Amino acid sequence: YENVAIGNIQLNTNYRLDFRPDRGIYDLLIKNASYGRDNGRFECRVKAVGTGADVHQEYYNVTVLTPPQPPQVAPGNIAIATEEKRQELTCSSIGGSPDPTITWYREGSTQPLQASINRGGSKDLQTTSTLIVTPRRDDDGVTYRCVVWNRAMSDGQRLETTVTLSVNYYPRVEV
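What follows is the structure, given as structure tokens:
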């Protein structure tokens, strides 16, 4: 732990304490927040004057917002699939704090698809979503859209990429 302020004395220029005990105000103001320095758990501790005994102690988690990087899809923007055989489509985005949400959509639909997600847990790690499809003949040429967003981005802003299925299907013979 590193003290940033004691009473109304600020020990670091990046932190300021709005300290008004008569009104119950003990607000920490963070200037020029950075992920490496400020993302994480902060402790507010109130001590009795004179004895230094702890009167109150509370912990707060601070999340420094950083946007994620544009998504990448695997196996690529065109996925070669075989009819009736499971195909994994993976969408990944590096970074972001908090971890981004990754949502899959099928071409022409606004309904999100069910997919698994593996969260990165840090602004430097990759968050990955895997969509499993079992393509039919009719799915040849269908496009899936991967959409990435987190709170560091504005409400209307999204990062997107697509993957198109190229389905190898079995020949049909009619007699």
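Residue numbering for the sequence shown is 92 to 266, as defined by the working numbering.
Where is the CB? At the ideal position from N, CA and C, for every residue including glycine.
In this text the structure is predicted, and so the values were computed from the model without any measurement.
(request) Quick one: residues in its chain with C-beta nearer than 6 Å to the C-beta of Glu149, no 5 flanking neighbours on either side, listed in chain order? (result) Counting from one through the sequence shown, the residue named residue 149 turns up at place 58. Cys135.
(message) Helix, strand or coil, according to DSSP, for Pro203 in the structure here?
(response) Start at 1 with the first residue of the sequence shown, and residue 203 comes out as number 112. In this structure, Pro203 counts as strand in the three-state DSSP scheme.
(request) Please work out which residues of its chain come closer than 7 Å, Cβ to Cβ, to Leu156, disregarding the five sequence neighbours upstream and downstream, and give them in chain order. (result) Locating residue 156 in the sequence shown gives position 65, counting from the first residue. Ser188, Arg242, Ala243.
(message) Can you check which of these residues, Gly212, Gln202, Asp145, is closest to Cys237 by C-alpha distance?
(response) Sequence index remark: in the sequence shown, residue 237 carries index 146 (1-based). The residue with the shortest Cα to Cα distance from Cys237 is Gln202.
(message) Measuring straight from C-alpha to C-alpha, what distance separates Ser257 and Thr221?
(response) Taking the sequence shown and counting its residues from 1, one reaches residue 257 at position 166. Taking the sequence shown and counting its residues from 1, one reaches residue 221 at position 130. Pairing Ser257 with Thr221, the inter-Cα distance amounts to about 18 Å.
(message) Mapping the DSSP letters down to three states, classify Asp109 as helix, strand or coil.
(response) To locate residue 109, count along the sequence shown from 1; it is residue 18. Strand.
(request) State yes or no: is the beta carbon of Gly131 nearer than 8 Å to at least one beta carbon in chain C? (result) Here there is only one protein chain, and chain C is not present.
(message) Per DSSP, what are the beta-bridge partners of Asn152 in this structure?
(response) Counting from one through the sequence shown, the residue named residue 152 turns up at place 61. BP columns for Asn152 point to Arg132.
(request) Go to Ala172, then tell me how far its beta strand (DSSP E) extends in each direction, as first and last residue. (result) As a first step, residue 172 is located in the sequence shown; it is residue number 81 there, counting from the start. From DSSP, the beta strand (DSSP E) with Ala172 extends over 169–173.
(request) With a threshold of 16 other CB atoms inside 10 Å of the CB of Gly127, please say whether the residue is buried or exposed. (result) In the sequence shown, counting from the first residue as 1, residue 127 sits at position 36. Exposed: under 16 other Cβ atoms inside 10 Å.
(request) Please state whether DSSP places Asp118 in a helix, a strand or coil. (result) As a position in the sequence shown, residue 118 is number 27, starting the count at 1. If DSSP states are grouped into helix, strand and coil, Asp118 belongs with the strands.
(request) Please work out which residues of its chain come closer than 8 Å, Cβ to Cβ, to Ser125, disregarding the five sequence neighbours upstream and downstream, and give them in chain order. (result) Taking the first residue of the sequence shown as position 1, residue 125 is located at position 34. Excluding sequence positions up to five before and after Ser125, its CB lies within less than 8 Å of the CB of Val155, all in the same chain and listed in chain order.
(message) Short of 6 Å in beta carbon distance, which residues of its chain neighbour Val239, apart from the five on each side in sequence? Order them along the chain.
(response) Residue 239 sits at position 148 when you count from the first residue of the sequence shown. Result list for Val239: Pro159, Pro162, Ser184, Pro191, Ile193, Leu250, in chain order.
(message) Closest to Tyr235 by C-alpha separation, out of Thr218, Glu179, Arg114, would be which residue?
(response) Taking the first residue of the sequence shown as 1, we reach residue 235 at position 144. Cα-wise, what sits closest to Tyr235 is Glu179.
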